[in-house]
Amino acid sequence: MWDWSFVLEILPVLAHAAIISIEATLIGFVLAATLGLVLALARIAFPSTALPISVLVELIRSTPLLIQIFFLYFVFPSFGVTLDAFTAGVLALGIHYAAYCSEVYRSGFDNIHRGQWEACTALNLSSWTTFRDIIIPQAIPPIVPALGNYLVALFKETPLLSAIAVLELMQTAKIIGSETFRYTEPITLVGVFFLAMSLVSATLIRAVERLLNRRPAR
Amino acid sequence: MTDKPIVRFDKVSKRYGPLTVLDSLELDIFRGEKVAIIGPSGSGKTTVLRMLMTLETIDDGVIWVDGEPLTHMERNGKLVRADQAHIRKIRARIGMVFQSFNLFPHMTAMANCIEAPMTVLGMKRQDAEARAADLLDMVGLAQKKEHYPSQLSGGQQQRVAIARALAMRPKIMLFDEVTSALDPELVGEVLQVIRKLGSEHDLTMLMVTHQMGFAKEFADRICFFYQGKICEQGHPKEFFGSPKNDRTKQFLHAVLEAG
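So the sequences go chain by chain: A and B.
Residue numbers for the first sequence follow the working numbering, beginning at 1 and rising by one.
Residue numbers for the second sequence follow the working numbering, beginning at 1001 and rising by one.
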């Protein structure tokens, strides 16, 4: 049933596809973390944006990621925006998780004591300096675990990109399967890969947490 | 007192919904004056400081600082609500120390004291550090420069907060119940620093306090607030010696009773 020589044969192909999956994850997450922060900051800095942003966030969180991927890839061209599959997929992942990340950042900002903002006002700091030097450095460390969870969740959703034929792990495994009529090894290997990578990321996130907690804080 | 006031509350009102916290307040404070604001809780005394620091907006009236409007600005000969740039310009003359210290917990005492001078005043790190070192020395914390707030006692934290506010060279210092969060044995060291400030610097000081003894000895004037109005004010000698208003008498009686 399980053929090790077949495993060795397809491993290089899958390894190459794994790189695509990891790329999609990293780019998608950088996008999510950045855009999420921008959304959360905009809400505080420009109160008039709060309502439109919460509507947008709700819209994104309440519709399936797969639909958003299809929307960017298949519907956008009719508005004159044509994206290649990888770009559309990564963009959808990034935007989808930005909605979740923005809520995480928001909870981080909400946890900053009002007195910190007031001290910034009393010292006449600009809003930019207030965020950069006072609020963000205090708000981020406690939310690293939550952001880390979303990194792992985003990573585990990259197989959805196979739906628009991005040659990531899942799509590659499917192709191998349809060409050789053997699914056991490729699909199992994909599963093992995700398991291994998720465990590795979880360990890394814990290391980052420990690093951040080492600094004395109140 | 024919001098121009450095702070003027001109018919200033503050309301939270149906609740009037301050009712058409008129109060002039003169250069170098030390004013202690006392009164029962909910009398609006802390709100006075918070409005002056622009932590609260006002609903009516105008606050003037050093002859210029703080809450408003002149446009075509009329006073309109101040924009952020104007507020920042005028606010630079005011510093504040809070009941709960509000030090930045992720920064050392030194970093707390150089943050604003560097980012707001554009001072070079070296100059800002030299100034901060002098101030930390003045508040008796020369040895604690590299300590984080969590490594300092409440009294020490509050003294860092005073140094941090002074590093911006304000003309007016606001003290909002600065010893209320401290253990009794730490109150003295903070009051000692404020005393020193009063004698060595030409600062105008406004303090909300429950330390009657300190107010009596330190202030030039006591303002007693009751239900959003100044009920009685005067030189500490007269104020504590022969209060005229019944509410003042009641309050002083209650406070002195409690020790």
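Ideal Cβ placement from N, Cα and C applies to all residues, glycine included.
Residue 111 of chain A has a beta carbon lying at 7 Å or more from every beta carbon in chain B.
Residue 1106 of chain B has a beta carbon lying within less than 7 Å of a beta carbon in chain A. Excluding five sequence positions before and after residue 1032 of chain B, the CB atoms of its chain that fall closer than 7 Å to its own CB belong to 1202, 1204, given in chain order. Taking a cut-off of 8 Å for Cβ pairs, the segment 1072-1080 of chain B and the segment 1051-1060 of chain B do not touch, as fewer than three such pairs fall below it.
Closer than 7 Å to the CB of residue 45 of chain A there is not a single CB belonging to chain B. Within the same chain, no residue comes within 6 Å of residue 1119 of chain B by CB-CB distance, once the 5 residues on both sides are set aside. Excluding residues up to 5 positions away in sequence, 172, 176 lie with their Cβ nearer than 8 Å to the Cβ of residue 13 of chain A in the same chain. When the beta-carbon positions are compared, residue 140 of chain A and residue 120 of chain A stay at least 7 Å from each other. Just measuring C-alpha positions, the residue of B:1139, B:1198, B:1023, B:1085 sitting nearest residue 127 of chain A is B:1085. The contact set of residue 1116 of chain B on chain A, defined by CB atoms closer than 8 Å, consists of 123, 124, 125 in chain order.
Put simply, the backbone Cα of residue 97 of chain A is about 7 Å away from that of residue 154 of chain A. Counting only residues of its own chain and dropping the five nearest sequence neighbours on each side, residue 92 of chain A has a CB closer than 7 Å to the CB of 65, 68, 69, 72. Beta-bridge partners assigned by DSSP to residue 1036 of chain B: B:1207, B:1222. For residue 117 of chain A, the enclosing alpha helix (DSSP H) has its first and last residue at 114-122. Linking residue 1169 of chain B to residue 94 of chain A through their CA atoms gives a straight-line distance of about 46 Å.
Counting of Cβ neighbours within 10 angstroms places residue 2 of chain A among the exposed residues, the total staying below 16.
Not flagged as an interface residue toward chain A: residue 1152 of chain B, since no C-beta distance is shorter than 7 Å. Annotation for residue 1005 of chain B: the continuous beta strand (DSSP E) segment containing it runs 1005-1016. Shown in chain order are the members of the segment 1085-1096 of chain B whose Cβ falls below 7 Å from a Cβ of chain A: 1088, 1091, 1092, 1095, 1096.
Annotated three-state conformation of residue 181 of chain A is coil, per DSSP.
For residue 1055 of chain B, the chain A residues whose Cβ falls inside 8 Å of its Cβ are 118, 121, 122, in order along the chain. Proximity to residue 1167 of chain B across A:55, A:122, A:81, A:113 peaks at A:122, based on C-alpha coordinates. A straight-line Cα-Cα distance of about 32 Å links residue 76 of chain A and residue 146 of chain A. Within the same chain, 198, 201 come within 6 Å of residue 152 of chain A by CB-CB distance, once the 5 residues on both sides are set aside. Judged by DSSP secondary structure, residue 87 of chain A falls within the alpha helix (DSSP H) whose first and last residues are 85-110. Residue 1247 of chain B is positioned such that its CB atom lies closer than 7 Å to that of residue 1226 of chain B. For chain A, the residues of the segment 1148-1176 of chain B that bring a beta carbon within less than 9 Å of one of its beta carbons are 1148, 1149, 1150, 1151, 1161, 1164, 1165, 1167, 1168, 1174, in chain order. Within the segment 137-168 of chain A, 137, 138 place their CB atoms closer than 7 Å to a CB of chain B, listed in sequence order.
DSSP places residue 1020 of chain B inside the beta strand (DSSP E), whose first and last residues are 1019-1030.
Between the alpha carbons of residue 1126 of chain B and residue 1110 of chain B lies a gap of roughly 12 Å.
For residue 174 of chain A, the CB contacts under 7 Å within the same chain, skipping 5 residues up- and downstream, are 162 in chain order.
In this structure, residue 164 of chain A places its C-beta atom within 7 Å of the C-beta atom of residue 89 of chain A. With respect to residue 1101 of chain B, residue 1157 of chain B sits close: the two C-beta atoms are nearer than 7 Å.
Going by C-alpha positions, residue 78 of chain A is about 60 Å away from residue 1064 of chain B. Secondary structure of residue 1149 of chain B (DSSP, three-state): helix. The segment 1131-1142 of chain B makes no contact with the segment 1203-1218 of chain B; the number of CB pairs closer than 8 Å stays below 3.
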